[in-house]
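Written below as structure tokens is the structure these notes are about.
Residue numbers (the working numbering), protein chains in the order written: chain A, 1 to 115; chain B, 1 to 112.
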């Protein structure tokens with residue numbers, strides 16, 4: 001079945017640094033990938049939609065200059081959290097939608113801790 | 001955002017009992033999906049029901065969809081301790097570019 005690999009699974013960084021999270025579709029092409037953030041004991045909140053070859057579409061309230069998204073190929077999207085602050089600490093999950101079909105496949109998530 | 005509501009927020013049952021979780025949403029949809037998440041882990045897709053379907057089964061799972069009430073339910077029969085997890089419904093709508101939008105989730109605890 002469709003597999004999405006998300007890396008790293010855990011990262012700890014210092015305030016003010018940047019962190020890059022990768023999301024790869026391993027055995028299918030995904031023109032669209034989605035990035036979600038999840039705070040403890042809460043639901044997944046959609047941050048942005050990543051479109052291959054074009055600019056990402058951000059949800060209301062999400063700072064595009066802080067959360068940089070690049071979707072350079074049909075199998076890779078990256079989310080870079082720039083100038084990270086402790087309040088950016090969260091669980092980030094990506095999802096890829098196949099070019100065909102209804103399916104959404106999720107990565108295993110990245111636990112970001114900013115100290 | 002078309003994030004839906006789920007109830008109950010938390011559910012605690014004994015092993016062997018059935019668990020029912022409900023989800024309501026706000027707009028027209030193409031499909032509704034249910035996911036499971038173990039603590040601190042990624043999401044596992046459980047079942048997808050299309051807007052023209054009313055009921056779907058998969059193993060011990062039964063999902064219903066009532067588009068007139070904009071609601072869905074997930075029934076887990078003969079629950080097991082391993083079913084302990086958070087359960088989320090998510091909707092996809094052409095109106096929102098088929099973005100998958102999640103409900104608030106139900107935390108299910110199955111006691112052995």
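Where a beta carbon is used, it is the ideal one built from N, C-alpha and C, also for glycine.
Annotation: Cβ neighbours of residue 41 of chain B in chain A (cutoff 8 Å, chain order): 108, 109. The DSSP-derived three-state label of residue 10 of chain B is strand.
Put simply, of B/15, B/32, B/7 the residue whose alpha carbon is nearest the alpha carbon of residue 21 of chain B is B/7. Interface residue (Cβ-Cβ distance to chain A less than 7 Å): residue 61 of chain B is not classified as such. In this model, residue 84 of chain A and residue 27 of chain B are separated by some 35 Å (Cα to Cα).
In the DSSP assignment, residue 76 of chain A forms a beta bridge with A/24, A/73. Cβ proximity to chain B below 9 Å picks out 91, 93, 95 from the region 79 to 96 of chain A. If you look at residue 92 of chain A, you'll find it in the beta strand (DSSP E) that goes 90 to 97. Residue 49 of chain A and residue 54 of chain B have their alpha carbons spaced roughly 29 Å apart.
Across the set A/4, A/18, A/35, the C-alpha of A/35 shows the shortest separation from the C-alpha of residue 92 of chain A.
With a cutoff of 7 Å on beta-carbon distance, residue 86 of chain B and residue 37 of chain B are scored as near each other. Here residue 73 of chain B is near residue 64 of chain B, since their CB atoms are less than 7 Å apart. Rounded to the nearest whole angstrom, the C-alpha separation of residue 98 of chain B and residue 43 of chain B is 18 Å.
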